[in-house]
Every structure is written in C-alpha cells, then in structure tokens.
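In my numbering, the protein residues as written are 360 to 445. This report concerns only the one structure given below.
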C-alpha cells in the first residue's frame with residue numbers, strides 16, 4: 360500500500376501542532392504529544408529520529424525541530440515503541 364507523500368510513516372506519531380517555517384536557516388518546527396514521544400540525551404542511530412526538542416508547552420506538547428540544520432534544543436526526540444497487541 361502506498362502512502363501519500365505527506366503522510367507520516369507507520370508507527371510514527373502525527374504532529375498535532377504543525378508550525379510554519381520559523382526561518383529557512385532553522386527549519387520546520389512541529390508539535391508532538393509528550394506521551395507519544397521519548398526524549399534521549401544521546402542520538403540513537405538505530406531508531407528514526409523525529410528531530411530536536413526545543414520547548415515543552417503546558418506539559419502536554421513538545422515543540423520539535425524536524426528539518427533544517429538541527430542545532431540547540433535539549434534532547435533528541437523519538438517515537439515511543441509501539442506496545443505489542445495482546
């Protein structure tokens with residue numbers, strides 16, 4: 360089954376707060392629900408990385424730089440592993 364170009368990859372959380380380009384030098388910023396992502400201090404090359412965590416909003420949303428030159432931020436953001444179905 361082919362996915363539309365702008366559809367998220369299977370198993371990755373969907374951005375709930377897409378934000379327009381902050382700057383062409385910075386890149387796209389998107390918001391994800393905190394409960395759907397995992398933050399790590401070190402980059403894990405074995406997992407698909409969503410980007411760099413920039414800021415938490417009201418404890419529920421996290422702003423993530425998802426493209427461009429990724430610098431700064433306080434953590435690498437990964438999708439939480441899916442729990443196996445019982």
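Each residue gets a CB set at the ideal place from its N, CA and C atoms; glycine is no exception. Here the structure is a predicted model, which means the values were calculated and not measured.
Beta-carbon gap between residue i and residue j smaller than 8 Å
| i | j | result |
| --- | --- | --- |
| residue 403 | residue 434 | no |
| residue 386 | residue 425 | yes |
Environment of residue i [buried if 16+ CB atoms lie within 10 Å]
| i | result |
| --- | --- |
| residue 410 | buried |
| residue 441 | exposed |
| residue 375 | exposed |
| residue 417 | exposed |
Which listed residue (the options) has its alpha carbon closest to that of residue i
| i | options | result |
| --- | --- | --- |
| residue 396 | 431, 430, 373 and 387 | 373 |
| residue 428 | 371, 388, 405 and 415 | 388 |
| residue 390 | 436, 430 and 420 | 420 |
| residue 412 | 370, 393 and 371 | 393 |
| residue 371 | 407, 431 and 386 | 407 |
Residues that DSSP places opposite residue i in a beta bridge
| i | result |
| --- | --- |
| residue 413 | DSSP lists no partner for residue 413. |
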